[in-house]
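Here the structure comes first, spelled out in structure tokens, and everything after it is commentary.
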Amino acid sequence: MKTITRKVAMMCMALVAMMAVSSCSEDQEVGMMLEGSWEGKMGVYVEDEEGTSYESVRTQMTFGTDPFRVTRGDGYWVDFYRRDFGWGTQYIASHIRWRVDNGVIKVHFREDDYDIEIRDYSISNNRFKGEIHVAEVDGHGNTVYKDISFSMYKLDTDPYWDDYYYYDRGVYDYDYYYAPARNGATLPKQEVYKRHFKAVDDNK
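Every letter in the sequence shown is one number past the one before it in numbering that gives the first Met the number 0, and letter 102, counting from 1, is 101.
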């Protein structure tokens, strides 16, 4: 009798596990696939206070999942450049918060306080490609919407982010971190090296 009871219990556990797997939503599946670190070209560039543009040569990002909800979590986004930005680095690093909402991957840059969306993408165990949807304000104050294609590959191990990169840009109150307010208006400080996105040139 004990043997039969044990077998029935094991079958019930297996059935529950199968139901749990089959009931995963699309957002949950995307979240589980995103977890880990990726590298590639994201079409990121920055402009300095003189309007000179610099293109990132590669981007690394890590998606960490919430232990209770695989559809969201925290992570890191680091763009690497060929030049030194004045504070002794050749990168721009941000902590991110991300979530999957009805198939759309929404990424919030914490230090910079702005958002992008990733849509029309495909993701597998080792490839992640699609389009970044971003809204930017041009020099005339108009909102411009962009859809930028990207392609990334999965890294075998997560980079060691802690205690290596500067994230809190502006905490040292260096003037060149920010663009000045225009026309004497009292406006929130705007970072000089805010990310922008454009089509990736694969020949570079």
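Using N, Cα and C, we set each Cβ at its ideal position, and we do this for glycine too. Keep in mind the model is a prediction, meaning the values are calculated, not measured.
- The criterion of a C-beta distance shorter than 8 angstroms is not satisfied by Ile91 and Asp73.
- According to the DSSP assignment, Met151 belongs to the beta strand (DSSP E) that extends over 142-153.
- Excluding its 5 nearest sequence neighbours in each direction, Ser150 has C-beta neighbours in its own chain below 6 angstroms: Gly39, Lys128, listed in chain order.
- Distances from the alpha-carbon of Val133 to those of Lys105, Ile122, Asp157 put Lys105 closest.
- In this structure, the straight-line span from the alpha carbon of Thr64 to that of Asn125 is close to 18 angstroms.
- Per the coordinates, the alpha-carbon of Tyr165 lies some 30 angstroms from the alpha-carbon of Thr142.
- Under DSSP, Gly74 forms a beta bridge with Phe62, Ile95.
- Beta-carbon to beta-carbon, Arg118 and Arg98 are separated by about 14 angstroms, too far to satisfy the 8 angstroms threshold.
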